[in-house]
Amino acid sequence: MGLPQEPSRLVWLRSDAPGLLLGQDLEQPRLYSPKASIPKSKRPGRFLAIGLVFGGILYYYTTSPTSSKQTTLNSKTFVPYQITSREALSPSSFVITITPRNPDPNPPYLLPSSSGWRHPLWSVEFKQPEVQISRHYTPLPPSQISEEDRSGVLRFYIRAVGDGEMSNYLCRLRVGQDVWLRGPHVGFDLVNRLGASKGIVFLAGGTGIVPGMQAAQVALDGYQDTSVSLLWAVRSRREVQGTKPTSSAGPCWWEFWKKGGEPTELGVNIRDPGPVARQLAEMKAKYGSRIDVQVVVDEEGSSFSLENIRKALVRTTEGHQPSASVTGARCFLHNQKLHEEASEFESDSPPCSCAPTEGALPGKNLFIVSGPDGFVSHYAGPKVWQGGKHTQGPLGGVAGQIQSLEPRLASEWLVLKL
Ligand SMILES: Cc1cc2nc3c(=O)[nH]c(=O)nc-3n(C[C@H](O)[C@H](O)[C@H](O)COP(=O)(O)OP(=O)(O)OC[C@H]3O[C@@H](n4cnc5c(N)ncnc54)[C@H](O)[C@@H]3O)c2cc1C
Numbered sequence: 001m002g003l004p005q006e007p008s009r010l011v012w013l014r015s016d017a018p019g020l021l022l023g024q025d026l027e028q029p030r031l032y033s034p035k036a037s038i039p040k041s042k043r044p045g046r047f048l049a050i051g052l053v054f055g056g057i058l059y060y061y062t063t064s065p066t067s068s069k070q071t072t073l074n075s076k077t078f079v080p081y082q083i084t085s086r087e088a089l090s091p092s093s094f095v096i097t098i099t100p101r102n103p104d105p106n107p108p109y110l111l112p113s114s115s116g117w118r119h120p121l122w123s124v125e126f127k128q129p130e131v132q133i134s135r136h137y138t139p140l141p142p143s144q145i146s147e148e149d150r151s152g153v154l155r156f157y158i159r160a161v162g163d164g165e166m167s168n169y170l171c172r173l174r175v176g177q178d179v180w181l182r183g184p185h186v187g188f189d190l191v192n193r194l195g196a197s198k199g200i201v202f203l204a205g206g207t208g209i210v211p212g213m214q215a216a217q218v219a220l221d222g223y224q225d226t227s228v229s230l231l232w233a234v235r236s237r238r239e240v241q242g243t244k245p246t247s248s249a250g251p252c253w254w255e256f257w258k259k260g261g262e263p264t265e266l267g268v269n270i271r272d273p274g275p276v277a278r279q280l281a282e283m284k285a286k287y288g289s290r291i292d293v294q295v296v297v298d299e300e301g302s303s304f305s306l307e308n309i310r311k312a313l314v315r316t317t318e319g320h321q322p323s324a325s326v327t328g329a330r331c332f333l334h335n336q337k338l339h340e341e342a343s344e345f346e347s348d349s350p351p352c353s354c355a356p357t358e359g360a361l362p363g364k365n366l367f368i369v370s371g372p373d374g375f376v377s378h379y380a381g382p383k384v385w386q387g388g389k390h391t392q393g394p395l396g397g398v399a400g401q402i403q404s405l406e407p408r409l410a411s412e413w414l415v416l417k418l
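Sequential numbering from 1 applies to the sequence shown in our numbering.
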């Protein structure tokens, strides 16, 4: 029976503290005080009226969600950031670093004590000012919470798709130009879904790896005994590393793409890594055998098969006991069927209604599939538009096949689509 390791969970459980709701401006100063605004005067009525007018204006500007006071990242208004670096991975993909025009010394989403921490998955909206549209993008997790990160610097891995409005607009922007952001918007509550379970397998296509890195970092920092497997499918090797010529006759150990159709491990010493692979290698160096990163490259003819995924599910939970209670038939956190109508945007996570088991948290290992629609459909079945929201839809694809072949995996793993 997998008893929870309470001390290692502290950073997550702390975020349940009342009052730490995402989007709440906890540090908003109380600028208006009726008593202080009425001066001692021989004409109190006139000063009272003036005080009330100014007080009202002050109150409006300090409490209105669209007020000019909201200069740092918030979920209501768009605020400016400057592009401070841009690194191309391929003709259509790039990593940009952006710095807030108005730095927030305490960005809530990075700190373990904030409510955002229990939602490792989060994104922001970028605005396209010319055609007034916005799209979501997922920040790469900070490699470590440095002073720079505290000032709100964010990095994004973006691909320009077809004739896509927003992604091509972002692709055209250069260092020094501004972008406009709103957020954070939080995704699935992974912490309570995982509960006492220990395994995350994250299957990502292209830029879909970023939420996998967010999830891995939070899970591996928050639990001493969690294991994460990141399976990353890319179109071109340039997404992962440069194409430096080599004089050796056969493939070297780092030239994983030359080794045929099987996935290859991305290790600590990957040669000439791109910015995303460099960060993955840093995570590998930090977490060691607790994280496994496998890569396939479409143009090299490799892809993740059913068997590769089944092995990853088994390998990631090797040596871990299944958690105590995983069968809540009406539990919106742990029942696969009840996820069909769930949206990935989940600021208020549903409560767990699994039968309580003494001394253990309920929970399920998480198999998360993230990427373009076709990728998600192939591996987990299509997401479905329902009542104006993009829902998970029925489980299908390769994950559905695995679950029907191995009922044990079906009972221990929850599949989520991003
Ligand atoms: C929570 C969330 C986080 C996201 N994070 C990221 C991220 O970190 N990086 C990132 O690059 N994208 C990310 N996306 C996707 C992003 O929001 C946009 O959907 C994407 O950039 C396309 O927007 P667009 O305006 O350029 O294309 P649109 O104008 O909306 O679409 C134009 C055409 O491109 C097609 N198309 C749209 N998306 C894709 C695709 N992925 N592959 C192939 N064809 C496509 C459409 O079918 C359409 O025909 C995220 C999406 C969500 C919901």
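Backbone N, C-alpha and C define an ideal beta-carbon position, used for all residues, glycine too.
In this structure, does DSSP put Lys76 in helix, strand or coil?
Assigned with DSSP and collapsed to three states, Lys76 falls in coil, not helix or strand.
On the DSSP letters alone, give me the boundaries of the beta strand (DSSP E) that Asp292 sits inside.
In the DSSP annotation of this structure, the continuous segment of the beta strand (DSSP E) that includes Asp292 starts and ends at 291-297.
Assuming the contact rule is C-beta atoms closer than 8 Å, Leu154 and Pro139 should be a hit. Round their C-beta distance to whole Å, please.
About 5 Å separates the CB atoms of Leu154 and Pro139; that is less than 8 Å, so the two are in contact.
Coil, strand or helix - Val384 by DSSP
Strand.
Endpoints, the alpha helix (DSSP H) within which Tyr419 is located:
No answer is possible for residue 419: it lies beyond the span of the chain, which begins at 1 and ends at 418.
Start-to-end residues for the beta strand (DSSP E) that takes in Leu416
Start and end: 413-417.
Through-space distance from Val161 to Asn168, alpha-carbon basis:
Looking at the two C-alpha atoms, the distance is approximately 7 Å.
Residues sharing a beta bridge with Gln82, DSSP
According to DSSP, Gln82 bridges with Thr99, Asp178.
Can you tell which of Gly208, Val218, Val175 has its C-alpha closest to the C-alpha of Val234?
If we check each option's Cα against that of Val234, Gly208 comes out closest.
May I ask whether a heavy atom of ligand 1 can be found less than 7 Å away from the beta carbon of Gly183?
Gly183 Cβ: outside cutoff for every heavy atom of ligand 1.
Would the beta-carbon of Val295 fall within 8 Å of that of Thr316?
Cβ distance not < 8 Å, so Val295 and Thr316 don't count as in contact.
Output the distance between the C-alpha atoms of Pro18 and Lys364, rounded to the nearest integer angstrom.
Any answer about Pro18 is weak, because its pLDDT of 23 lies below 50 and its placement is not dependable; what the coordinates show is given next. Taking the straight line from one Cα to the other gives about 26 Å.
Any heavy atom of ligand 1 closer than 7 Å to the beta-carbon of Val384?
Val384: no, Cβ never under 7 Å from ligand 1.
Around the Cβ of Lys284, are there at least 16 other Cβ atoms within 10 angstroms (buried) or fewer (exposed)?
Result: buried.
Where do the N-terminal and C-terminal ends of the alpha helix (DSSP H) with Lys127 fall, by residue?
Segment 122-128 is the beta strand (DSSP E) holding Lys127; no alpha helix (DSSP H) there.
Thinking Arg182 and Phe78 are a contact (beta carbons under 8 Å), I'd like their distance in whole angstroms, please.
Yes, they are in contact, since the Cβ atoms of Arg182 and Phe78 sit about 5 Å apart, within 8 Å.
For the segment 213-225 against the segment 71-90, do three or more pairs of beta-carbon atoms, one drawn from each stretch, fall closer than 8 Å, so that the two count as touching?
As far as the Cβ criterion goes, the segment 213-225 does not touch the segment 71-90, which means the pair count is below three.
Spatial neighbours of Tyr287 in its chain, beta-carbon cut-off 7 Å, leaving aside the 5 residues before and after
Same-chain partners within the cutoff: Leu220.
State the start and end residues of the unbroken alpha helix (DSSP H) segment that holds Lys311.
It spans 306-316 - the alpha helix (DSSP H) in which Lys311 sits, taken as one unbroken run.
Top-ranked residue by Cα proximity to Val201, from Gly195, Asn192, Ala215
Considering only alpha carbons, the answer is Ala215.
Can you find a heavy atom of ligand 1 that lies under 7 Å from the Cβ of Asp189?
Between ligand 1 and the CB of Asp189, the shortest heavy atom gap is not smaller than 7 Å.
Is Pro372 close to ligand 1? I mean its beta-carbon at under 7 Å from any heavy atom of the ligand.
Yes, the Cβ of Pro372 comes within 7 Å of a heavy atom of ligand 1.
With a threshold of 8 Å between beta-carbons, can Leu140 be considered close to chain D, or not?
Chain labels in this structure do not include chain D; a single protein chain is all it has.
Just checking Glu87 against ligand 1 - is the residue's beta carbon closer than 7 Å to any of the ligand's heavy atoms?
False, no ligand heavy atom lies under 7 Å from that Cβ.
Alpha helix (DSSP H) containing Val201: first to last residue?
No alpha helix (DSSP H) holds Val201; the beta strand (DSSP E) holding it covers 199-205.
First and last residue of the uninterrupted beta strand (DSSP E) at Ser229:
Per DSSP, the unbroken beta strand (DSSP E) holding Ser229 starts and ends at 227-234.
Please tell me whether Gly206 and Glu239 are closer than 8 Å, where the distance is taken between their beta carbons.
With a cutoff of 8 Å on beta-carbon distance, Gly206 and Glu239 are scored as near each other.
Quick check: does the Cβ of Thr421 come within less than 7 Å of any heavy atom belonging to ligand 1?
Lying outside 1 to 418, the shown extent of the chain, residue 421 is not represented and no answer is given.
Give a single yes or no on whether Ser298 has its beta carbon closer than 7 Å to a heavy atom of ligand 1.
The displayed chain sequence assigns Asp, not Ser, to residue 298. No, ligand 1 has no heavy atom inside 7 Å of this Cβ.
Per DSSP, which residues does Arg193 bridge with? Please list them.
Beta bridge pairing from DSSP links Arg193 with no other residue.
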